[in-house]
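Numbers given in my numbering equal positions in the sequence shown, counted from 1, plus 188.
Quick reminder that beta carbons are idealized off the backbone N, C-alpha and C, glycines included.
It should be emphasised that the depicted structure is a prediction, and the values quoted were computed from it without experimental measurement.
To start, the structure under review is shown below, and the notes come after it.
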Amino acid sequence: MTNKQIIEISTPTILKFILIILGLVFLYFIRDILLILFVAIIISSAVDAPVDWLVKRRVRRVLGVALVYLFVALVFGLLLLFIVPPLAEQVKLLANNLPEYLDKLNSVFSLIQEKSINYNASGFLDRFGSQLSGWASNLFSATASVFGGLISFFLIIAISVYLSAEEKGVKKFFVSITPEADKVYVASLVDRIQAKFGAWVRGQIVLSLVIGVMVFVGLSILKIKYALVLALIAALLEVIPYLGPFISAALGIALAFTQSPILALIAAILYYVIQEFENLLIVRKFK
189 MTNKQIIEIS TPTILKFILI ILGLVFLYFI RDILLILFVA IIISSAVDAP
239 VDWLVKRRVR RVLGVALVYL FVALVFGLLL LFIVPPLAEQ VKLLANNLPE
289 YLDKLNSVFS LIQEKSINYN ASGFLDRFGS QLSGWASNLF SATASVFGGL
339 ISFFLIIAIS VYLSAEEKGV KKFFVSITPE ADKVYVASLV DRIQAKFGAW
389 VRGQIVLSLV IGVMVFVGLS ILKIKYALVL ALIAALLEVI PYLGPFISAA
439 LGIALAFTQS PILALIAAIL YYVIQEFENL LIVRKFK
């Protein structure tokens with residue numbers, strides 16, 4: 189005689205499951221709003237420290253927020269004015285010349301393939317080259333799509349300014365949507381997270397800028413082509429621990445190799461020195 193097990197699911201359990209599903213569906217539909225809010229909180233957390241520094245020196249908070257955001261806008265404006273035009277030219281030139289560079293690298297890998305077993309690098313390089321060409325030609329349109337257009341960009345700035353202008357604005361926001369019983373805990377948690385996260389964001393920005401400048405100066409001295417593009421890649425990939433610097437170095441060395449194997453070796457030494465400088469000095473200070 190077989191024993192039959194009867195699994196009973198209570199009505200409250202079913203209701204909870206339905207509510208969870210509905211909640212996930214709701215979050216999916218408002219994902220763009222959540223992304224805007226998340227980016228605004230990141231920006232607000234990053235500028236909180238300099239704003240607080242100004243407030244301690246008897247600058248009114250609203251004026252301090254305005255000064256910090258104007259300074260950031262000025263920096264980005266100068267970057268757009270002096271860096272974007274030559275960067276766009278280098279990206280376009282790189283996209284046009286990429287097939288030629290891949291042919292040079294393929295010829296080298298063909299020599300390696302003769303002395304190795306079933307090493308098919310040329311196919312990989314062709315696929316990588318076609319993808320990189322697409323990425324390069326659509327660099328600025330892809331960047332614009334991240335922000336979702338001008339409306340999303342201005343919403344991010346407006347929300348971040350509002351959170352910064354209100355003292356402890358981020359903490360007050362999270363406390364306001366928290367049940368009464370958990371308000372004290374959430375307030376303390378947000379304070380700790382915001383302090384650490386804000387410090388990380390500021391440190392990461394400084395670190396990326398320093399690495400980008402070092403790569404640009406080093407490659408320019410070596411007269412390696414597309415130094416500005418490679419410096420921007422190095423600065424952006426600095427956010428990814430370990431893998432980011434490796435990828436940026438590999439791209440720089442590969443492009444240097446298309447000019448000269450000796451130049452590629454010197455570029456490898458340059459990237460190694462920059463990485464060691466980062467490990468010994470910069471990371472200890474900002475991370």
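At which residues does the alpha helix (DSSP H) containing residue i begin and terminate?
i      : result
Glu464 : Pro449 to Phe465
Arg200 : Before going on, a small fix: residue 200 reads as Pro here, not Arg. That run of the alpha helix (DSSP H) goes Thr199 to Phe217.
Tyr350 : Leu338 to Ala353
Val263 : Arg249 to Phe270
Lys360 : Gly357 to Ser364
Arg380 : Lys371 to Ile409
Pro433 : Leu431 to Phe445
Phe421 : In the sequence under discussion, the amino acid at residue 421 is Ile, which differs from the Phe named in the question. Segment Ala415 to Leu425, the alpha helix (DSSP H) holding Ile421.
How close, in whole Å, do the beta carbons of residue i and residue j come, if the pair is a contact with beta carbons under 8 Å?
i      : j      : result
Leu410 : Ala375 : Not really, about 52 Å apart at Cβ, beyond 8 Å.
Ser232 : Ser396 : Their Cβ separation, rounded to whole angstroms, is 20 Å, which puts Ser232 and Ser396 out of contact at 8 Å.
Val405 : Leu275 : Contact flag wrong, Cβ pair sits at about 16 Å.
Ile412 : Ala444 : 5 Å
Ile230 : Val389 : 6 Å
Ala415 : Leu425 : Rounded, the Cβ-Cβ distance is 16 Å, inconsistent with contact.
Ile381 : Val227 : Not a contact, Cβ separation roughly 16 Å.
Look at the alpha carbon of residue i and the alpha carbon of residue j, and state the distance between them as a whole number of angstroms.
i      : j      : result
Ile462 : Ala234 : 26 Å
Gly432 : Glu368 : 43 Å
Ile428 : Ala237 : 24 Å
Leu255 : Met402 : 29 Å
Leu266 : Glu355 : 30 Å
Ile224 : Val398 : 28 Å
Asp379 : Phe259 : 25 Å
Lys545 : Tyr373 : The structure shown does not extend to residue 545, since the chain is modelled only from 189 to 475, so the question has no answer here.
Glu464 : Tyr216 : 43 Å
Val247 : Asn467 : 37 Å
Leu242 : Tyr289 : 51 Å
Ile457 : Ala261 : 36 Å
Ile450 : Val263 : 37 Å
Ile480 : Tyr430 : Not covered by the structure: residue 480. The range shown for the chain is 189 to 475.
Gly391 : Ile202 : 47 Å
Lys244 : Ile208 : 45 Å
Asp291 : Leu439 : 15 Å
Gln200 : Ile435 : The sequence as given places Pro at residue 200; Gln does not occur at that position. Cα-Cα distance, rounded: 51 Å.
Tyr257 : Arg249 : 12 Å
Ala383 : Glu277 : 40 Å
Leu222 : Ile206 : 22 Å
Near residue i, what residues of its chain come up, given a Cβ to Cβ distance below 6 Å and the 5 sequence neighbours on each side ignored?
i      : result
Ala324 : In this prediction, Ala324 has a pLDDT of 49, which is less than 50 and means its spatial position is unreliable; what the coordinates show is noted afterwards. Closer than 6 Å at the Cβ level, and outside the excluded window around Ala324, lie Val279, Leu282 and Ala283.
Ala437 : Tyr459
Excluding the 5 residues preceding and the 5 following residue i in the sequence, name in chain order all residues of the same chain whose CB lies nearer than 7 Å to its CB.
i      : result
Gly400 : Ala419, Leu420, Ala422 and Ala423
Ile305 : Bear in mind that the predicted position of Ile305 carries a pLDDT of just 44, short of 50, making it unreliable; the figure below should be weighed with that in mind. There are no such residues.
Ser352 : Ser232, Val235, Asp236, Val239 and Val253
Thr366 : Val374
Ignore the nearest five residues each way along the sequence and tell me which others in residue i's own chain have a CB closer than 8 Å to its CB.
i      : result
Gly357 : Ser232, Tyr350 and Leu351
Asp370 : none
Phe385 : Ile230 and Ser233
Would the stretch 207 to 221 and the stretch 357 to 371 be scored as touching if the rule is three or more Cβ pairs under 8 Å?
no
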